[in-house]
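Have a look at the structure below before the remarks.
Number of protein chains: 2
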Amino acid sequence: MADAIGIALLGAGTVGAGVARAIETGAERYSSRVGRPLALRGVLVRDAGRPREGVPSDHLTSEVGSILADEGTHVVVELMGGEEPARQHIESALRSGRHVVTANKEVMAKHGPELLALAAERGVRLLYEAAVGGGIPIISPLSRDLLANEITDVTAIINGTTNFMLTAMAKRGAEYGDVLAEAQRLGYAEADPAADVDGGDAAYKLAILCGLAFHVVVSPEAVSRQGIRGLAARDFAYAQDLGYAIKLLAQGSLLPGPTGAELVATVSPTLIARHEPLATVDGVRNAVQVEGDLVGRVLFEGAGAGARPTASAVLADVLDVARDVATGRLPPEAAPYARAQVRPRERVVARHYLRLTVADRAGVLAGIAGILGRHEISLASVIQVEADSRARTAEIVITTHPAVTGRLDGALTEIAALEGDVPEVGSVLPIYGDGGAR
Amino acid sequence: MADAIGIALLGAGTVGAGVARAIETGAERYSSRVGRPLALRGVLVRDAGRPREGVPSDHLTSEVGSILADEGTHVVVELMGGEEPARQHIESALRSGRHVVTANKEVMAKHGPELLALAAERGVRLLYEAAVGGGIPIISPLSRDLLANEITDVTAIINGTTNFMLTAMAKRGAEYGDVLAEAQRLGYAEADPAADVDGGDAAYKLAILCGLAFHVVVSPEAVSRQGIRGLAARDFAYAQDLGYAIKLLAQGSLLPGPTGAELVATVSPTLIARHEPLATVDGVRNAVQVEGDLVGRVLFEGAGAGARPTASAVLADVLDVARDVATGRLPPEAAPYARAQVRPRERVVARHYLRLTVADRAGVLAGIAGILGRHEISLASVIQVEADSRARTAEIVITTHPAVTGRLDGALTEIAALEGDVPEVGSVLPIYGDGGAR
Numbered sequence: 014m015a016d017a018i019g020i021a022l023l024g025a026g027t028v029g030a031g032v033a034r035a036i037e038t039g040a041e042r043y044s045s046r047v048g049r050p051l052a053l054r055g056v057l058v059r060d061a062g063r064p065r066e067g068v069p070s071d072h073l074t075s076e077v078g079s080i081l082a083d084e085g086t087h088v089v090v091e092l093m094g095g096e097e098p099a100r101q102h103i104e105s106a107l108r109s110g111r112h113v114v115t116a117n118k119e120v121m122a123k124h125g126p127e128l129l130a131l132a133a134e135r136g137v138r139l140l141y142e143a144a145v146g147g148g149i150p151i152i153s154p155l156s157r158d159l160l161a162n163e164i165t166d167v168t169a170i171i172n173g174t175t176n177f178m179l180t181a182m183a184k185r186g187a188e189y190g191d192v193l194a195e196a197q198r199l200g201y202a203e204a205d206p207a208a209d210v211d212g213g214d215a216a217y218k219l220a221i222l223c224g225l226a227f228h229v230v231v232s233p234e235a236v237s238r239q240g241i242r243g244l245a246a247r248d249f250a251y252a253q254d255l256g257y258a259i260k261l262l263a264q265g266s267l268l269p270g271p272t273g274a275e276l277v278a279t280v281s282p283t284l285i286a287r288h289e290p291l292a293t294v295d296g297v298r299n300a301v302q303v304e305g306d307l308v309g310r311v312l313f314e315g316a317g318a319g320a321r322p323t324a325s326a327v328l329a330d331v332l333d334v335a336r337d338v339a340t341g342r343l344p345p346e347a348a349p350y351a352r353a354q355v356r357p358r359e360r361v362v363a364r365h366y367l368r369l370t371v372a373d374r375a376g377v378l379a380g381i382a383g384i385l386g387r388h389e390i391s392l393a394s395v396i397q398v399e400a401d402s403r404a405r406t407a408e409i410v411i412t413t414h415p416a417v418t419g420r421l422d423g424a425l426t427e428i429a430a431l432e433g434d435v436p437e438v439g440s441v442l443p444i445y446g447d448g449g450a451r
Numbered sequence: 014m015a016d017a018i019g020i021a022l023l024g025a026g027t028v029g030a031g032v033a034r035a036i037e038t039g040a041e042r043y044s045s046r047v048g049r050p051l052a053l054r055g056v057l058v059r060d061a062g063r064p065r066e067g068v069p070s071d072h073l074t075s076e077v078g079s080i081l082a083d084e085g086t087h088v089v090v091e092l093m094g095g096e097e098p099a100r101q102h103i104e105s106a107l108r109s110g111r112h113v114v115t116a117n118k119e120v121m122a123k124h125g126p127e128l129l130a131l132a133a134e135r136g137v138r139l140l141y142e143a144a145v146g147g148g149i150p151i152i153s154p155l156s157r158d159l160l161a162n163e164i165t166d167v168t169a170i171i172n173g174t175t176n177f178m179l180t181a182m183a184k185r186g187a188e189y190g191d192v193l194a195e196a197q198r199l200g201y202a203e204a205d206p207a208a209d210v211d212g213g214d215a216a217y218k219l220a221i222l223c224g225l226a227f228h229v230v231v232s233p234e235a236v237s238r239q240g241i242r243g244l245a246a247r248d249f250a251y252a253q254d255l256g257y258a259i260k261l262l263a264q265g266s267l268l269p270g271p272t273g274a275e276l277v278a279t280v281s282p283t284l285i286a287r288h289e290p291l292a293t294v295d296g297v298r299n300a301v302q303v304e305g306d307l308v309g310r311v312l313f314e315g316a317g318a319g320a321r322p323t324a325s326a327v328l329a330d331v332l333d334v335a336r337d338v339a340t341g342r343l344p345p346e347a348a349p350y351a352r353a354q355v356r357p358r359e360r361v362v363a364r365h366y367l368r369l370t371v372a373d374r375a376g377v378l379a380g381i382a383g384i385l386g387r388h389e390i391s392l393a394s395v396i397q398v399e400a401d402s403r404a405r406t407a408e409i410v411i412t413t414h415p416a417v418t419g420r421l422d423g424a425l426t427e428i429a430a431l432e433g434d435v436p437e438v439g440s441v442l443p444i445y446g447d448g449g450a451r
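Residue numbers (the numbering used here), protein chains in the order written: chain A, 14 to 451; chain B, 14 to 451.
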């Protein structure tokens, strides 16, 4: 095994154990695909005394130093998750001349550009296919296969937990609290679901996708974010009646602005016309739709999470790097990116869906329509439903034509100030897919 | 421009002109993505005297020798189509040490393995992303991103012409002849539509996909083929009633056989359950679904043809090779493949849909059911419709449970011999997507 390509893992959770097991059981197959055998050299864990299924116990260590000191390790695979110490370990591995493969969306979203620059400087590779969309090939197609295109738009369902929850709300008329409890019972949602339901996880992934698609540096803070906590079962019923599904869409576009191209990046529950391919992506599945000037729209769909799909993506990166090591290929140069100029939210143009609880008396709708009109927001449809005869309130559901978000904000502030007439401004959701130019 | 990477095109049809134009207009962008500028050096055409839009006239030549004699040409892009002389030109280019990019499905299906071996021997690359699925990234994801998987199944809609026709038959109840005429009018079908409607084009592409997915050499003759000429509008109506769409599916599987893994590769109009993602791929769009042991099912969907999507794939390959040239990377070694062992058609297990015209008299259905039963084919559903009261014939539509195709053939031979009772065995189509184990 003198000529084996050495692999070290940082982290031995379910993905790590799956990768370790695959390297053992797939040894012959991978060796024929790479040209040289792969050998697992070390596995960083918190407690090296606790045995891990599928990992020989003499490979376990709690010292990252001993992993980096091993001259036989060519590739370091980071599967710890979280920002620190994962980022630090990736940096150390790159500095020590190791290729790095990571599944870490948070580190890549926040520190990707400087880590990629460091890798290029050290003549090694930093790959991160598993950071977005689990096993679905998307990072590599954006980096390579769509490189000839000017990408104009990336629209994705990239959080399986929330897609499971929204699918359940749509199909069974269930309320948010019930589907969250169910997702937690099934292990799809964490005890603290904030990262999923508030859109943070999707925002990390969207920042990574936008960076690759538009060749700019995108920080996760550039992604404007709305979570799914405020959605009610009846939003799905109204959306259905209007011909839409509701999905937590992550959308990025590069649009012409007054001083150059501007990035619009949003994560939000969004109404999407039912004939759109993304509207039929249900359950924990993920999908990424990319629009380019040459290729038109292409869609990538599959399992967005899970130990085995994630291991598929991690191993693809490992095999790719290993082939480079085996053939002595040099890594490609990283092209330096400029920081994206972000379009302020109030200048973004979109269609919207509004659900308002209003007092059930004459003139209220006229008042609301008047406010919207004064703010230059024209209505595409209006539904009024008697919601609660005892409280004498009704519900008004409005869809707008494309309008500047800042004007909508102004109108909604005025509408909310109507108080007695409008006890609650319920959901305010963007609409994607027909005339929703941004 | 001393350090430009020289590109030569063989063929200047719509794709070639698009590629030439993109190299000119995208010069700055591509140069920043590659690290060195690209320069168009020569374009092989039949008549060098006829001007071509987007191609400088001094680049035109009708002599392939002058292209290969140009020391400044690093990459030869073959866009002529057809088997010869395209194959010969690709071989000559590889022998002369040039990297080759081709969109030629016929050459890659018939001669891919030996050309790839030649490229490896000469230390150059041969890329062919555009040969399957137009602009949809599929060759590169199979070669790289899914490499850690054992792929068990590839199921695809990879002929846009027939998918346009079948979609029109399904949505409008139109007959075959009418939709063919429409497809020809719109430029989707050739004057001689045989390559599309008889499944030959899809068979070439499936042979390429199976080779990559299963790491075996697959000749196009290994693909069993049924075209769409025999379909009637009422097949779509029956399928709809039964919960299916009809698509020209290209399917490949690697299955355990008595003497090792066996390939099953078929192109056939196929009933596919409506809830399957592939059932909703309509019009000229293509989609490829790949199933792997780690990743589960992933789907790639987009425009499967057209000058711009094809140019997107060709240019992706050109940029990938150009980055190698720019960074001095060596091509990866080609893994030698074994020739696939093909499962004989009669041993393939599938569910089937049968449409029979029968005499409208007592006992006919019992006779047919008896023959099927004796051949161990059990029925999943039976519909009998009075088709023509003057001719006193009825139509029987049967779906079977999974059965060995050889037994079905035997049963159908006996049924066809009933003559007076069964004037016509109409459509016999496989069913995909629920219990259709093969």
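Glycine included, every Cβ here is placed at the ideal spot set by N, Cα and C.
Query	Result
Mapping DSSP to helix, strand and coil, what is Q197 of chain B?	helix
Going straight from the alpha carbon of D373 of chain A to that of P150 of chain A, what length do you get?	52 Å
In the DSSP assignment, find the unbroken alpha helix (DSSP H) run with G423 of chain A in it and report its ends.	T418 to A429
Note down, in chain order, each residue of its chain lying with its Cβ closer than 7 Å to the Cβ of L332 of chain A, except the 5 sequence neighbours on either side.	Y43, R46 and V47
Check whether the Cβ of P154 of chain B lies closer than 8 Å to any Cβ atom in chain A.	yes
Take every Cβ of the stretch 129-136 of chain B, pair it with every Cβ of the stretch 293-312 of chain B, and state whether three or more of those distances are shorter than 8 Å.	no
Quick check on V41 of chain B: does DSSP put it in helix, strand or coil?	This sequence places Glu at residue 41 of chain B; Val is not what is there. Reduced to three states, the DSSP call for E41 of chain B is helix.
Hey, quick one: how far does the alpha helix (DSSP H) through R135 of chain B stretch, first residue to last?	K118 to R135
Closer than 7 Å by beta-carbon distance: list the chain B residues that pair up with R342 of chain A, in chain order.	R342 and L343
Roughly how many angstroms separate the alpha carbons of T283 of chain A and V362 of chain B, rounded to a whole number?	44 Å
Under 9 Å between beta-carbons, which chain B residues line up against R59 of chain A? List them in chain order, please.	Under the 9 Å cutoff, chain B gives no residues; its nearest Cβ is about 26 Å from R59 of chain A.
Answer with buried or exposed for A450 of chain A, where buried requires no fewer than 16 other C-beta atoms within 10 angstroms of its C-beta.	Note on A450 of chain A: pLDDT 39, under 50, position unreliable in the model; no value is reported.
Residues in the same chain with beta-carbon distance under 7 Å from V398 of chain A, minus the five sequence neighbours each way, listed in chain order, please.	A407 and E408
Got a sec, what are the start and stop residues for the beta strand (DSSP E) L268 of chain B sits in?	Y257 to G270
P322 of chain B versus chain A: which residues are under 8 Å apart at the beta carbon?	L307, V308 and G309
With which residues is R310 of chain B paired in a DSSP beta bridge?	B:E304
If contact means a Cβ-Cβ distance below 9 Å, which residues of the stretch 177-188 of chain B contact chain A?	none
Once you ignore the five residues that flank V192 of chain B on each side, which residues in its own chain have a CB closer than 6 Å to its CB?	M178, A181 and M182
Could you give the C-beta distance for A216 of chain A and K260 of chain A, rounded to a whole number, given that I count them as a contact under 8 Å?	Not a contact, Cβ separation roughly 15 Å.
Touching or not, the stretch 267-278 of chain B and the stretch 352-361 of chain B, by the rule of three or more beta carbon pairs under 8 Å?	yes
Could you confirm whether any beta carbon from chain B is found closer than 8 Å to the beta carbon of T174 of chain A?	no
How is the alpha helix (DSSP H) around S79 of chain B delimited, first residue to last?	V77 to A82
Around the Cβ of P69 of chain A, are there at least 16 other Cβ atoms within 10 angstroms (buried) or fewer (exposed)?	exposed
Which residues does DSSP pair with V280 of chain B in a beta bridge?	B:R238 and B:A263
Could you please tell me which residues of the stretch 249-267 of chain B, in chain order, have their CB closer than 7 Å to any CB of chain A?	none
Please return the same chain residues whose Cβ sits closer than 8 Å to the Cβ of G423 of chain B, not counting the five positions on each side in sequence.	H388
E104 of chain A lies in the alpha helix (DSSP H); which residues open and close that run?	A99 to R108
Can you find a C-beta in chain A that's less than 8 Å from the C-beta of P269 of chain B?	no
Count the other CB atoms, across all protein chains shown, that sit within 10 Å of the CB of E432 of chain B; report buried if there are 16 or more and exposed otherwise.	exposed
Out of A:D330, A:V438 and A:V56, point me to the one whose CA is closest to G148 of chain A's CA.	A:D330
Could you check whether the Cβ of T412 of chain A sits closer than 8 Å to any Cβ belonging to chain B?	no
What are the boundary residues of the beta strand (DSSP E) that includes D401 of chain B?	L392 to D401
Using 8 Å as the threshold, is the C-beta distance between Y458 of chain A and L244 of chain A below it?	Since the first residue shown for chain A is 14 and the last is 451, residue 458 of chain A is missing from the structure and cannot be characterised.
Report the CB separation of P290 of chain B from E314 of chain A in whole angstroms; it is logged as a contact under 8 Å.	7 Å
So within the stretch 48-75 of chain A, which uninterrupted beta strand (DSSP E) runs reach at least 3 residues, ignoring any that extend past its ends?	51-57
CA-CA distance, P344 of chain A and A82 of chain B?	31 Å
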